[in-house]
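Visitor: Quick one: the structure is below, questions incoming.
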Amino acid sequence: MEAKKYQAFWRGAIILTIASFVTKVLSAFYRIPYQNIAGDIGFYIYQQIYPFYGFCLILATYGFPVIISKMVAERLERGKQKEAEEIICISFWFLLGIGFIGFFTL
147 MEAKKYQAFW
157 RGAIILTIAS
167 FVTKVLSAFY
177 RIPYQNIAGD
187 IGFYIYQQIY
197 PFYGFCLILA
207 TYGFPVIISK
217 MVAERLERGK
227 QKEAEEIICI
237 SFWFLLGIGF
247 IGFFTL
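Just add 146 to wherever you are in the sequence shown, counting from 1, and you've got this note's numbering.
Below, the structure written as structure tokens:
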């Protein structure tokens, strides 16, 4: 049983490594046409905003989903279905608001 977990772990790690590499390669390829389309000033603005965008992207993809799922799982484990639903509802509206703010400011 332990060998299967070990093998599944390494399989997942290899898949994530390959996906990360493919993402980096695609990221490098789209920058060249983007600079040609947007021009030097447009690309400069993009480069200035990208660190903030990257930070928000990390929060959106790694931070909030983990926190929300942990809070919901804890409530469900205690048998508090109503509180879990409230967390999901509040999280939905909070993230929707943050998304609109990000959309209109970036």
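Idealized CB from N, CA, C, for every residue including glycine.
Can you give the beta carbon distance from I244 to V218, rounded, assuming they're within the 8 Å contact cut?
Guide: In fact, because the Cβ distance is near 19 Å, the residues do not count as touching under 8 Å.
Visitor: Put R264 into one of helix, strand or coil per three-state DSSP.
Guide: With the chain covering only 147 through 252, there is no way to say anything about residue 264.
Visitor: Can a CB atom of chain C be found closer than 7 Å to the CB of T163?
Guide: Protein chain content of the structure displayed is limited to a single chain, and chain C is not contained in it.
Visitor: Compute the Euclidean distance between the alpha carbons of F189 and Y176, then round it to the nearest angstrom.
Guide: 12 Å
Visitor: Taking K228 as part of the alpha helix (DSSP H), name the residues at either end of that continuous run.
Guide: Start and end: 227-251.
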